[in-house]
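Numbering (the numbering used here), first residue to last: 6 to 361. Beta carbons: idealized from backbone N, C-alpha and C, even for Gly.
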Amino acid sequence: MTIEVRNIHKQFGAFTALNNVSLSFPAGELTALLGPSGCGKTTLLRIIAGLEHPDSGQVLLDAQDASARHVRERQVGFVFQHYALFKHMTVFENVAFGLRVKSRSERPSEEQIRRKVKDLLELVQLDWLADRYPPQLSGGQRQRIALARALAVEPRVLLLDEPFGALDAKVRKELRRWLRRLHDDLHVTSIFVTHDQEEALEVADQVVLMNKGNVEQIGSPAEVYNHPASPFVYGFLGNVNMFHGRVHEGVMATGDVSFDVPDHDGVQDSKGIAYVRPHDLEIDRYTPGAEGIVVKLRRAHAIGPLAQLDLERTDNAELIEAVMSNERFSHLHLKEGETLVVRPKRLHVFVDPAEV
Ligand code: ATP
6 MTIEVRNIHK QFGAFTALNN VSLSFPAGEL TALLGPSGCG KTTLLRIIAG LEHPDSGQVL
66 LDAQDASARH VRERQVGFVF QHYALFKHMT VFENVAFGLR VKSRSERPSE EQIRRKVKDL
126 LELVQLDWLA DRYPPQLSGG QRQRIALARA LAVEPRVLLL DEPFGALDAK VRKELRRWLR
186 RLHDDLHVTS IFVTHDQEEA LEVADQVVLM NKGNVEQIGS PAEVYNHPAS PFVYGFLGNV
246 NMFHGRVHEG VMATGDVSFD VPDHDGVQDS KGIAYVRPHD LEIDRYTPGA EGIVVKLRRA
306 HAIGPLAQLD LERTDNAELI EAVMSNERFS HLHLKEGETL VVRPKRLHVF VDPAEV
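Below, the structure is given as structure tokens:
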């Protein structure tokens, strides 16, 4: 099922939770709604589900206006951060619940329910827990059961609101890989709310970046990561260094150094900020005349495959975070306090023409 929202606006009193949001969710894809707390992700999900009504705008399911359709008629399955499994029912009965409450004409037979629940529990790889009660499960197991329960009624849309948010980091990582594999098998159109950029980039086919009730960017994980449309997106998708300076006719001057920024050929003396990811910096020991930004190594943290370096520019005291392979770090024998030179291999400059 395709989902489209058109010009959705939602106010809570004077507060604008969603500001004229328009978006498409392709059939069979997994879309991550990503953004900081309070940006409107959950509100948008609830509006798609029919649990909340927009002040204006439309929700289209398979190109049909669904605005007047009740939650039950939208064929959506939900999984929330705080799963609402019934504590007094076994895992089996929890998964069977949605089938048992169907109207008499649609309700499957007891034998069909038994087979279906068994299949779903196998799908989420927890068939051995069928007779347990929710308090006897781990958090990760409960979320997998919640997912099996949501899938039992064969939803045409699956809405997941921070489904792994309450779990510890290791379990989260396992479950998101598992969710991706499950999605690859089932291909149910799914929307996944998260504020964790790593989770969104790893799991989703399409990422929607939201900020203060607006959509900042939509694209594949690679597109949004490699070509951020705004400083907000750049900053939200991982660590980033910012070099402040001025841009004039394709050259950016920052501190004592200048970089060619051919994208900005036409810019006349304007304020600009260059964004550079820590792993996009080339680092060498300083030698007189070396080109690049001269820095002092303040601190190095070398564990596992990567060494993380905290650097301080000698020209303007701005701090820079850099990452290099631990192998190269050991090879260079870098010491704290040493003078180095860094060159951005890739940078992205945002110019503010209003700020001349
Ligand atoms: P989080 O990641 O913290 O869940 P979110 O991006 O999902 O955030 P929403 O839950 O959609 O954000 O909320 C968006 C904004 O609307 C928040 O500032 C929230 O306080 C506000 N809000 C949400 N529901 C209501 C409500 N029923 N009444 C008043 N304000 C609300």
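By Cβ distance, which residues of its chain are closer than 8 Å to residue i, with the 5 residues on each side in sequence left out?
i      : result
Lys350 : Asp285, Leu286, Glu287
Gly309 : Asn331
Phe91  : Glu98, Asn99, Phe102, Pro139
Leu50  : Leu38, Leu164, Asp166, Ile196, Val198
Val81  : Ile53, Ala54, Gly55, Pro160, Arg161, Val162, Leu163, Leu164
Glu301 : Correcting the residue type first, residue 301 is Lys in the shown sequence and not Glu. Correct list, in chain order: Leu316, Glu317, Thr319, Gly342, Glu343, Thr344, Leu345.
Gly33  : His192, Val193, Thr194
Arg74  : Gly55, Leu66
Ala22  : Lys15, Gln16, Gly45, Thr48, Gly218
Lys107 : Pro113, Val158
Glu4   : Residue numbering for the chain in the displayed model covers 6 to 361; residue 4 lies beyond these limits and cannot be assessed.
Pro41  : His200, Asn216, Phe241
Taking the DSSP output, what are the residues bridged to residue i?
i      : result
Gly294 : Answer is none; Gly294 lacks a bridge partner.
Val64  : Val10
Gln211 : Thr36
Phe20  : Phe17
His253 : Val256
Thr344 : Lys301
Val281 : Asn246
Met350 : Inspection of the sequence shows that residue 350 is occupied by Lys rather than by Met. Per DSSP, none; premise fails for Lys350.
Val96  : According to DSSP, Val96 bridges with nothing at all.
Ser275 : Val252
His306 : Gln313
Asp357 : Lys276
Lys289 : This sequence places Asp at residue 289; Lys is not what is there. The partner list for Asp289 (beta bridge, DSSP) reads Val346.
Leu28  : Val10
Val81  : Val162
Nearest CA to the CA of residue i: which residue from the options?
i      : options                        : result
His58  : Val100, Val10, Ser263, Ala68   : Val10
Asp124 : Arg77, Gly170, Ala32, Ala157   : Ala157
Arg181 : Leu23, Thr194, Glu167          : Glu167
Val354 : Leu345, Ala279, Phe85          : Ala279
Asp60  : Asp67, Arg112, Ser72           : Ser72
Met247 : Asn24, Leu352, Arg79, Arg120   : Leu352
Glu119 : Leu104, Val129, Gln130         : Rather than Glu, the amino acid found at residue 119 in this sequence is Arg. The residue with the shortest Cα to Cα distance from Arg119 is Leu104.
Leu134 : Ala153, Ala327, Gln117         : Ala153
Tyr230 : Ser275, Lys217, Arg251, Leu206 : Leu206
Asn321 : Gly260, Leu126, Arg186         : Gly260
Ala305 : Ile298, Gly297, Met329         : Met329
Gln273 : Tyr291, Phe241, Asp357, Arg348 : Asp357
Ser143 : Lys121, Glu228, His269, Val96  : Val96
Leu128 : Asp189, Ser108, Leu339         : Asp189
Met94  : Trp183, Val106, Pro41, Arg137  : Arg137
Thr7   : Gln69, Ser42, Pro41, Gly40     : Gln69
Pro283 : Phe264, Arg77, Leu242          : Leu242
Arg185 : Glu203, Glu204, Val208         : Val208
Lys121 : Arg109, Val266, Ser110, Ala155 : Ala155
Leu324 : Val245, Ala171, Leu35, Gly40   : Val245
Leu339 : Leu131, Arg348, Gly145, Asp289 : Asp289
Gly297 : Val281, Val262, Gly271, Lys276 : Val262
Arg348 : Leu337, Pro293, Val281         : Val281
Excluding five sequence neighbours on each side, which residues of the same chain lie with their C-beta closer than 6 Å to the C-beta of residue i?
i      : result
Phe334 : Ala307, Ala312
Gly62  : Arg11, Asn12, Ile13, His14
Pro233 : Tyr239
Asn24  : Gly218, Asn219
Arg303 : Asp315, Glu317
Ala295 : Val346
Pro113 : Leu104
Asp210 : Glu34, Leu35
Phe264 : Met257
Asp132 : Leu126
Beta-carbon within less than 7 Å of residue i's beta-carbon, same chain only, minus the 5 sequence neighbours each way: which residues are those?
i      : result
Tyr291 : Val299, Thr344, Leu345, Val346
Phe169 : Gln148, Arg177, Leu180, Arg181
His269 : Val252, Gly255, Val354, Val356
Ala267 : The sequence shown places Pro at residue 267, not Ala. These residues qualify, in order along the chain: Gly255.
His249 : Thr259, Ile278
Between residue i and chain B, is there a C-beta pair that is closer than 8 Å?
i      : result
Phe169 : In summary, chain B is missing from the structure at hand, where a single protein chain is found.
Determine contact between the region 218-237 and the region 255-265, defined as no fewer than three beta-carbon pairs at a distance below 8 Å.
no
On the three-pair Cβ rule with 8 Å, is the region 42-53 touching the region 197-214?
yes
Flag this pair as touching only if the region 23-32 and the region 215-225 have three or more C-beta atom pairs under 8 Å; answer yes or no.
yes
Counting pairs of Cβ atoms below 8 Å between the region 168-183 and the region 17-26, do you hit three or more?
Taking 8 Å as the limit for Cβ pairs, the verdict is that the region 17-26 does not touch the region 168-183.
Where are the beta strand (DSSP E) runs, 3 residues long or more, that stay fully inside the region 99-173, in chain order?
162-166
Could you give the uninterrupted runs of the beta strand (DSSP E) lying entirely in the region 171-251, keeping only those of 3 residues or more?
194-199, 211-216, 219-224
Continuous alpha helix (DSSP H) assignments of at least 4 residues falling wholly in the region 308-347:
331-337
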